[in-house]
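Single-structure report; data block below.
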Amino acid sequence: MFRKFTQRARNAVLHAQEEAKQLNHPAIGTEHILLGLLREGEGVGAKALLSLGVDLEKLREEVTKVMGESNTAREQQAGDLPITPRAKKVFNLAFDEARLQGVNYVGTEHLLLALLREEEGVAGQVLISMSLKLDEVREQVIILLGGETPSNHQGGQSYNEQPPTPVPPQSKRKGKSKTPTLDAFSRDLTQDATEGRLDPVIGRNREIERVIQVLSRRTKNNPVLIGDPGVGKTAI
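Residue numbers (this note's numbering): 134 to 369.
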């Protein structure tokens, strides 16, 4: 899912996970994504908030006050934390915002707009409580991406984030894709394997053989890999 995220957007997601762990929360929610955006600080999303007169430190305090720290004693989980259904919806809405803007990458600005669209999430409620409106934020994002500010123009400077490194020309599919929705919301592992972009799998021969056996069946041939986050299910 995160392959089409800009580096700043990926940083924001990583910061979101760190925020959830520090607060002793079991999963990444919309509130952690917002904290991740604020912690990243240099993306278009944060700049849009600043341009609208939002005090980022005050916003962070409001989010922290609303969600609080978990009082449940638990050992800090190693590896990636799970993502709440509402946070997953935010990521999908971010892809939708990118599509509406006609770009093939997701930046921090799209994450911010998605958080506002998901009004029932903690992040959306806090943003709305600070008098932020979706249309106004979207307009500000467009201004920043065009390299202008509402009151003055500083030599055509653009705040656009660098999109992910493009796929080499020889690996691009020819012509228009027949599955644009799948391309936007999923990852083509076969294509990644063809281009040598998958990490090597070490010490999982038994699991791989079992998957091959299940795939080779005439019926009931859908293998399901079950395990804790970070154990290597995707790699297999």
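We put the beta carbon where it would ideally sit given N, CA and C, even for glycine. Here the structure is a predicted model, which means the values were calculated and not measured.
Report the rounded CA-to-CA distance for R250 versus D229, giving the unit in angstroms.
11 Å
TODO: Report back the beta-carbon spacing between H165 and A181 to the nearest angstrom; my notes put them in contact at under 8 Å.
DONE: That pair is no contact at about 19 Å.
How close, in whole Å, do the beta carbons of A142 and L244 come, if the pair is a contact with beta carbons under 8 Å?
6 Å
Q: Report the residue from G162, Q155, P215 and A149 whose alpha carbon sits nearest the alpha carbon of G390.
A: Look at the range of the chain in this structure, 134 to 369, and you will see that residue 390 is not part of it.
> Helix, strand or coil for I161 per DSSP?
Replying inline: strand
- Query: Hey, which unbroken runs of the alpha helix (DSSP H) at 4 residues or more fall wholly within the segment 214 to 241?
  - Reply: 218 to 233
- Message: Whether or not the segment 184 to 198 and the segment 264 to 279 are in contact is what I'm after, with contact meaning three or more pairs of Cβ atoms, one per stretch, closer than 8 Å; do they touch?
- Response: yes
Sheet register partners of F138 (DSSP bridge): V239
Inset, instruction - Go ahead and label L348 buried or exposed: buried means 16 or more other beta carbons lie within 10 angstroms of its beta carbon, across all protein chains shown. - result: exposed
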